[in-house]
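Chains as they are written, first to last, in this note's numbering: chain A, 1 to 386; chain B, 1 to 386; chain C, 1 to 386; chain D, 1 to 386. C-beta: ideal position from N, C-alpha, C; glycine also. Only a predicted model underlies this, so the values are computations on that prediction, with no experimental measurement involved. Have a look at the structure below, then the notes.
Number of protein chains: 4
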Amino acid sequence: MRRKIRMGMVGGGPGAFIGAVHRMAARLDGQIELVCGAFSANPKRARAAGRELLLPAERVYASFEEMFASEAARPEEDRMDFVSIVTPNHLHAPVAVAALKNGFHVLCDKPMTVNVKEARDLARRVNKSGLLFGLTHNYTGYPMVKEARHRVHAGELGTIRKIMVEYPQGWLATRLEGTGQKQADWRTDPARAGASCCMGDIGTHAENLAEYVTGLRIESLCADLSTFVKKRVLDDDGSVLLRFQGGARGVLTASQISVGEENGLRLRVYGEKGGLDWRQEEPNTLALLYPDQPRRLLRAGAGDANLCEAARAACRLPPGHPEGFIEAFANLYTAFAAALDARLSGATETVPDVPTVEDGLRGMLFIETVVKSAAGNAKWVKMPAS
Amino acid sequence: MRRKIRMGMVGGGPGAFIGAVHRMAARLDGQIELVCGAFSANPKRARAAGRELLLPAERVYASFEEMFASEAARPEEDRMDFVSIVTPNHLHAPVAVAALKNGFHVLCDKPMTVNVKEARDLARRVNKSGLLFGLTHNYTGYPMVKEARHRVHAGELGTIRKIMVEYPQGWLATRLEGTGQKQADWRTDPARAGASCCMGDIGTHAENLAEYVTGLRIESLCADLSTFVKKRVLDDDGSVLLRFQGGARGVLTASQISVGEENGLRLRVYGEKGGLDWRQEEPNTLALLYPDQPRRLLRAGAGDANLCEAARAACRLPPGHPEGFIEAFANLYTAFAAALDARLSGATETVPDVPTVEDGLRGMLFIETVVKSAAGNAKWVKMPAS
Amino acid sequence: MRRKIRMGMVGGGPGAFIGAVHRMAARLDGQIELVCGAFSANPKRARAAGRELLLPAERVYASFEEMFASEAARPEEDRMDFVSIVTPNHLHAPVAVAALKNGFHVLCDKPMTVNVKEARDLARRVNKSGLLFGLTHNYTGYPMVKEARHRVHAGELGTIRKIMVEYPQGWLATRLEGTGQKQADWRTDPARAGASCCMGDIGTHAENLAEYVTGLRIESLCADLSTFVKKRVLDDDGSVLLRFQGGARGVLTASQISVGEENGLRLRVYGEKGGLDWRQEEPNTLALLYPDQPRRLLRAGAGDANLCEAARAACRLPPGHPEGFIEAFANLYTAFAAALDARLSGATETVPDVPTVEDGLRGMLFIETVVKSAAGNAKWVKMPAS
Amino acid sequence: MRRKIRMGMVGGGPGAFIGAVHRMAARLDGQIELVCGAFSANPKRARAAGRELLLPAERVYASFEEMFASEAARPEEDRMDFVSIVTPNHLHAPVAVAALKNGFHVLCDKPMTVNVKEARDLARRVNKSGLLFGLTHNYTGYPMVKEARHRVHAGELGTIRKIMVEYPQGWLATRLEGTGQKQADWRTDPARAGASCCMGDIGTHAENLAEYVTGLRIESLCADLSTFVKKRVLDDDGSVLLRFQGGARGVLTASQISVGEENGLRLRVYGEKGGLDWRQEEPNTLALLYPDQPRRLLRAGAGDANLCEAARAACRLPPGHPEGFIEAFANLYTAFAAALDARLSGATETVPDVPTVEDGLRGMLFIETVVKSAAGNAKWVKMPAS
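What follows is the structure, given as structure tokens:
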């Protein structure tokens, strides 16, 4: 790398949660530099954010439109390389489209858009643009998720039969929206979140993780969505029966009303020859299951010869030195930056191990299909291939 | 207690698994004595079992019919009090009916019968007979299951919203039937097991546990059953979306092809005010979850003031001295024996904390409804109330 | 087995803890029958115990002397075969000596005596008598402890380097003695417990477990004992540096004032080639550690081909069906009964896998050496070989 | 903060482990900027490091002496503020002394020096200089360690009675030194590591953690050190009995030959009223133990009202989003930077929550006392107060 990759950010002002995470992830490996931002629609808050981030005032913008225009006008040796989009869902597509139009690469939070139509349109634009687009399904950044994927793809588990993925949270068990909690506000608001709260916010992580690790696509599903908290419009809990291509069956359950649960994403996969079990809250262990042998606890760790190359490369520390959420997130940023650096150095084909615009479209199709299934009486609803 | 309660057994000869468990459970607390048995249809095996159990030859019978007739003819001070039925499923009802006709109380393994018709008939007969009937859904015998039930019933969790129950096993991941493994043979044989293998054998435990702890009845369900192992006729895996009376939602998954899993029954219940989490493989801990407080790990232990009376009474040892599967099973036997003793002492109403014939009927309705749902295209299938 | 082995019991009346455990352990496998007892020095309590245990009044004795005399006078086909001694420590030796004199085999609770002198004397008498003597260091009865021992003895861990054994409890963190708690009363009383409370009661379990699993003898030690609760005379906490024959080093810590701890016996052994980790509170798992491979979780289970024969034989149930404290305890009783049965059948040499009188003497030497070390200024105190 | 704090680094070139960790820790919160370095005594390796870190060539120095001289000569608005020392132990003191002489604040890796004499000298110089000095006993940076400290200091556990701290590792179980592994090379070399390998490298972390959390000082100790690997000169394993001021007892064990163990630092503290248990490998949970209540699992998480202010401030993410080793390390860097910023803004007294030069001296006294105790025959050796 000859120089740091230059990042702009849209969203992530005071009170936001995920913006700060993106910034730490971008910083961790020292290959990305935040150079500008449109942190808030509120100019005062935007400026406050800029000051706190030690940015020069002239690169703290009042709007993303202004940011893209101004940055595009800067000399190349100074100009932002890519934008990180950390706004509520409804702004993802408009910001991403504007970035692409201005020639900027895009790293965007999930779910990708607020509906399938927007997602298809964005996918078309990305593919036409030749620009890099990444989606921060951050859980794919964990080393042991990469190891799990490797083991499945290497055939160690044999033909996959059953996939269990769950994502219990409890933070929306009461009517948090309207109390000043910004995270709850927009996630429960159809205008900003889209057609689903729970399935959109965390169900898509579960769906993405299952497909990322197994490489299998959901073919049809049968969903039950609930809204337990009064006056809430969108779902806050749901369970889905899954049928995958090739015959595997599955069950996905996501919840934001499971009181006392924190961020319990867990994936279990069982094949003819073996199984695996991974839990986000203890992410450095991957349990490998065998029919006739003791369970093995594979552990994350740089340089561990038991791990595949991708997993090893995703670790910064030896076994026993826990890496967590931010490090996994940073793996996406660093892979994206490396791909960008290669592009800038003239490489024409660089495919970072970062979820793509197609994965984003899958997520939107999943949400749409789940919502449709939950509302209908048909048992199985096909999930469109793309 | 003036004397030990006298037990006869049907089934449980060499090669059986659960018969030996029932005998240990019966012995543990020293209140029950095995006095006779019809352990096998094979006379040689039956006699071998009798010898090993140190029974007098004249009380080792060639058939259950002979046993009931001979025992009924013995003087009262010597006669068997109740029969423990540990045969494959298809014999449960015939043996139980014969026992009732001869005036013997019955403790029967689960699932209760091979179909709903048999179950209804048996329920009718039990209720008319005035005799005690218990069903060994043994997981209800665990102290922390009783504690969980207590906490829900006392309102500590508030209105129940979500119930997650799972039961992964891996032992039928290959075609074990036909290899001489008797357990696999009959469980995968519709003639002996009934309409379901996985849902009948372990799915009903999961269903029973969920209803026992929450006191809520399943109203409708949506099931997907699979048969992954070739040439197998019955299901070896399945997942079910559940809707309970009062609005709670749930998901139940049971599997016998989840390689590497042992006997992973687990129940999670989330209410408006709290949640709980219990796992059979570490049965002495019950996790209590709260919206705004740390998780608490309640532990089994005789005399522990943090436990309800039923849980405390179900413990034989102080905290930290693990009790397990046999002890939980023994709690059913001991409760049944105590109720019988009370009867024999003239008490007219004795309701032991042991699953009933109605619970057995619920189990059969569950199996029937799951099988029907899995075969059909309707999304929700009502589960009959009884 | 042609008949059940007949057991008499000394101690274990109302209010006792361990007597009931011994009785359950004796009952579990159906090979031992309690035929008589001297349960309490208080005649009323003794009779109450006898009634509750459904024993005939004439075999509920007022004293152990009376019991041995009366039983010895009974015809052989009816007479007690062995005595189970479950009194406070100070009575172990007198009762055992009396039993031996009357020709009865002995199964005795630990620690074996109240001092080394008594222990040596008892060992001499046992060896001269030709009778069976077993000591209920019950933790050796766990399947995974037997597996651990097997792995070490088979050389899987290579030369042993480090042994860590700990036994934290919290139940004596306050002055429980004098409040009517009989267990606390005698354990804290030098006249009944011997020279140590904590090290005698649980430290010896830790010592025995370490030596049983590794086969290595402690050669010298350096101890620190404490008494944290006011007015208590004996130790309630202690830690010991250990040096084993062959060069292994170790550390043993035992405590009865570690508030919130239940019965946390844990053993870790590290050799040149591998390590192992076992915890009594989750006894069905044995972790195997390797220098360059993932940790493996070996699980207890009847018929599991990954286990050695001794471990398999110590299991009654398949993996995932937890067995606990009582089952481990029962393994000692059942092994003792089988050896007795072989003796009664004419076998001349039968060595059950039950801790011996020599192990009991080791325990007393350990206590004496620890107490001596704690009181002195020498760094290392030799532990006599026997 | 008006600007980023400027850091220089000594050590941490290619092949080093801890240097990269320090850099990530420094970067994470965006308040520190690496501006220069003397990464290696080998000029080629030094330059390579500088290039990889995207530093201007003129600020990549050939030696720390050159770095301090050159940086001191730069204009203030550009000059390095503090040095991060990440060399092998024997260079800590010389580099730190040179930094202080040139007016630079110091953040230094542990153990602080190679002997007590050096440590005392350094302490004197730091105190005289008025400059900030921090020592990266990084485990104190974990939120739940801060919470543990808070709970003890708030009196929740009552008078402390027993402290158990352990630190098993397995990475030096074979003769890794001399195989090209730089970490092993210098740690086992007295000239670079000091008088101890295992106790110096990780035993001091354990000692520091115990004293940090409890606020109690070790008064005397009794140590056994071992060297299991042939041809190794320094200890690779050791256990220490501890006596603390106020009467608490403890045991510390550290090992680098415990095969299969990764980085198992664990602290348990038991007081009259409560206890706690923390494990570095699952650092986001702190177990709180009570005499008569269920164990509570306190969890790290920004904004969690169950945590003390220091713990909350040490979290970047909500509960369930695991933070790990780097984040804990970063907490020291960020606290140090904040204190430096305050200094630069004119504050005269700023005491960051970062281990001090006195803590560093304590560590050296601990090593020296342990080594002395291990070599001698006296049972208890006093640890000098400072």
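Which residues share a DSSP beta bridge with residue i?
{"i": "A:Gly238", "result": "A:Leu225 and A:Ala254"}
{"i": "C:Cys108", "result": "C:Ile85 and C:Leu135"}
{"i": "A:Gly37", "result": "A:Met9 and A:Val60"}
{"i": "A:Val269", "result": "A:Ile163 and A:Leu276"}
{"i": "C:Arg325", "result": "Rather than Arg, the amino acid found at residue 325 of chain C in this sequence is Phe. According to DSSP, C:Phe325 bridges with nothing at all."}
{"i": "C:Tyr168", "result": "It is worth fixing the name first, because residue 168 of chain C is Pro in this sequence and not Tyr. C:Ser255, per the DSSP bridge assignment."}
{"i": "D:Ser220", "result": "D:Arg243 and D:Lys382"}
{"i": "D:Ile367", "result": "None; D:Ile367 has no bridge partner."}
In this structure, does DSSP put residue i in helix, strand or coil?
{"i": "A:Trp380", "result": "coil"}
{"i": "D:Gly437", "result": "Nothing can be reported for residue 437 of chain D: it is not among the residues displayed for chain D, which extend from 1 to 386."}
{"i": "C:Thr285", "result": "strand"}
{"i": "B:Val233", "result": "coil"}
{"i": "A:Lys162", "result": "strand"}
{"i": "B:Glu261", "result": "coil"}
{"i": "B:Phe17", "result": "coil"}
{"i": "D:Arg295", "result": "strand"}
{"i": "C:Glu147", "result": "helix"}
{"i": "C:Glu156", "result": "coil"}
{"i": "A:Pro319", "result": "coil"}
{"i": "B:Arg51", "result": "helix"}
{"i": "D:Arg124", "result": "helix"}
{"i": "C:Arg362", "result": "helix"}
Any idea if residue i is buried or exposed, counting beta-carbon neighbours within 10 angstroms, 16 or more meaning buried?
{"i": "B:Glu349", "result": "exposed"}
{"i": "B:Val86", "result": "buried"}
{"i": "C:Ser386", "result": "exposed"}
{"i": "D:Ser345", "result": "exposed"}
{"i": "B:Glu166", "result": "buried"}
{"i": "D:Gly12", "result": "buried"}
{"i": "D:Asp277", "result": "buried"}
{"i": "C:Glu58", "result": "exposed"}
With a threshold of 6 Å (Cβ to nearest heavy atom), would residue i be considered close to the ligand COA?
{"i": "A:Val165", "result": "This structure lacks the ligand COA, and indeed carries no ligand of any kind."}
For the pair the stretch 190-210 of chain B and the stretch 238-258 of chain B, tell me if three or more CB-CB distances fall below 8 Å. Output reads yes: the stretch 238-258 of chain B touches the stretch 190-210 of chain B.
Taking Cβ-Cβ distances below 8 Å as the criterion, which residues of the stretch 353-379 of chain C are in contact with chain B? Hits within the stretch: zero.
The stretch 96-113 of chain D contacting the stretch 358-376 of chain D, beta-carbon criterion three pairs below 8 Å: At 8 Å Cβ cutoff, the stretches touch.
Select from the stretch 317-333 of chain C all residues with a C-beta closer than 8 Å to any C-beta belonging to chain G, and list them in chain order. Chain labels in this structure do not include chain G; the protein chains are A, B, C and D.
Would you call the stretch 42-54 of chain D and the stretch 8-22 of chain D in contact, with 3 or more CB pairs under 8 Å? Yes, the stretch 42-54 of chain D is in contact with the stretch 8-22 of chain D.
Any C-beta of chain B within less than 7 Å: which residues of the stretch 287-298 of chain A qualify? The stretch 287-298 of chain A vs chain B, Cβ under 7 Å: Leu289, Tyr290, Pro291 and Arg295.
For the stretch 27-53 of chain D, which residues have a beta carbon sitting closer than 9 Å to at least one beta carbon of chain A? Answer set for the stretch 27-53 of chain D: Arg27, Leu28, Asp29, Gly30, Gln31, Leu34, Glu52 and Leu53.
Can you give me, in chain order, the residues of the stretch 214-241 of chain D that have a beta carbon less than 7 Å from any beta carbon in chain C? When C-beta distances to chain C are compared with 7 Å, the residues of the stretch 214-241 of chain D below that value are Cys222, Asp224, Ser226, Phe228, Asp237, Ser239 and Leu241, in chain order.
Contact set between the stretch 298-311 of chain A and chain C, restricted to residues whose Cβ is under 8 Å from the partner: Within the stretch 298-311 of chain A, the residues whose Cβ lies closer than 8 Å to some Cβ of chain C are Leu298, Arg299, Ala305 and Asn306, listed in chain order.
Count the CB pairs spanning the stretch 166-182 of chain A and the stretch 135-147 of chain A that are closer than 8 Å, and state whether there are at least three. With a cut-off of 8 Å, the stretch 135-147 of chain A and the stretch 166-182 of chain A do not count as touching, because too few Cβ pairs lie within range.
Along the stretch 196-209 of chain C, where does the CB come closer than 8 Å to a CB of chain D? Name the residues. Cβ proximity to chain D below 8 Å picks out nothing from the stretch 196-209 of chain C.
The stretch 254-265 of chain D touching the stretch 278-288 of chain D, judged by at least three CB pairs closer than 8 Å: Yes, the stretch 254-265 of chain D touches the stretch 278-288 of chain D.
Segment contact, 8 Å Cβ cut-off, at least three pairs: the stretch 302-321 of chain B with the stretch 352-362 of chain A: Look at the beta carbons and you see the stretch 302-321 of chain B not touching the stretch 352-362 of chain A: under three pairs across the two are nearer than 8 Å.
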